[in-house]
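Numbering (the numbering used here), first residue to last: 60 to 217.
Just so it is clear, CB atoms sit at the ideal spot from N, CA and C, and this is done for glycine as well.
Treat the numbers as computed from the prediction; the structure is a model and nothing was measured.
Input: a single structure, listed below in structure tokens.
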């Protein structure tokens with residue numbers, strides 16, 4: 060998450076610099092769309108860090124202590140099932156963002172002059188797309204099955 064967060068920060072700086080420069084309409088629309096998408100990605104990463112990572116730590120602790128939710132005294136307030144559903148839904152969201160990034164990419168025409176910042180932003184977009192692809196793969200392939208397995212192991216019932 061940290062790598063993707065850092066890429067978002069770099070992208071914000073580039074977008075803000077490019078907004079100050081007068082560009083043609085196609086480039087301007089691209090920059091505004093990219094700025095909006097980077098904000099969405101940044102919010103996603105912050106949500107992951109603030110809400111989902113603590114849940115993973117709690118789940119790890121319950122697993123390590125051989126916790127059994129079936130024998131909990133009182134009602135479980137963790138909402139394990141909701142967390143897994145949120146994780147799966149957010150993975151679908153990442154997939155849709157990757158599609159948007161691919162569709163937004165403007166071709167670089169040799170006869171058009173682009174600022175160095177604009178070219179750097181295009182490179183940053185490719186790096187962000189790669190980072191999200193990696194995140195998507197890790198979460199879908201490893202995280203979801205592991206969370207599901209631990210929830211089953213500790214007898215989650217909500």
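Residue i burial status per 10 Å Cβ neighbour count (16 or more: buried)
i	result
residue 161	exposed
residue 261	Nothing about residue 261 can be reported from this structure: the residues present for the chain run from 60 to 217 only.
residue 196	exposed
Nonlocal neighbours in the same chain, by C-beta distance under 7 Å from residue i, ignoring five residues either side
i	result
residue 179	73
Selection from the options that minimises the alpha carbon distance to residue i
i	options	result
residue 173	70, 60 and 87	87
residue 112	146, 66, 151 and 185	146
residue 71	122, 183 and 198	183
residue 208	155, 119, 193 and 196	119
residue 79	176, 185, 203 and 194	176
Cutoff 6 Å; reference residue i; Cβ partners in own chain excluding five residues on either side
i	result
residue 188	160
residue 190	62, 63 and 66
Backbone CA spacing between residue i and residue j [nearest angstrom]
i	j	result
residue 158	residue 143	23 Å
residue 206	residue 101	23 Å
residue 149	residue 105	13 Å
residue 125	residue 116	14 Å
Cβ shell of residue i (< 8 Å), same chain only, five flanking positions each side left out
i	result
residue 212	122
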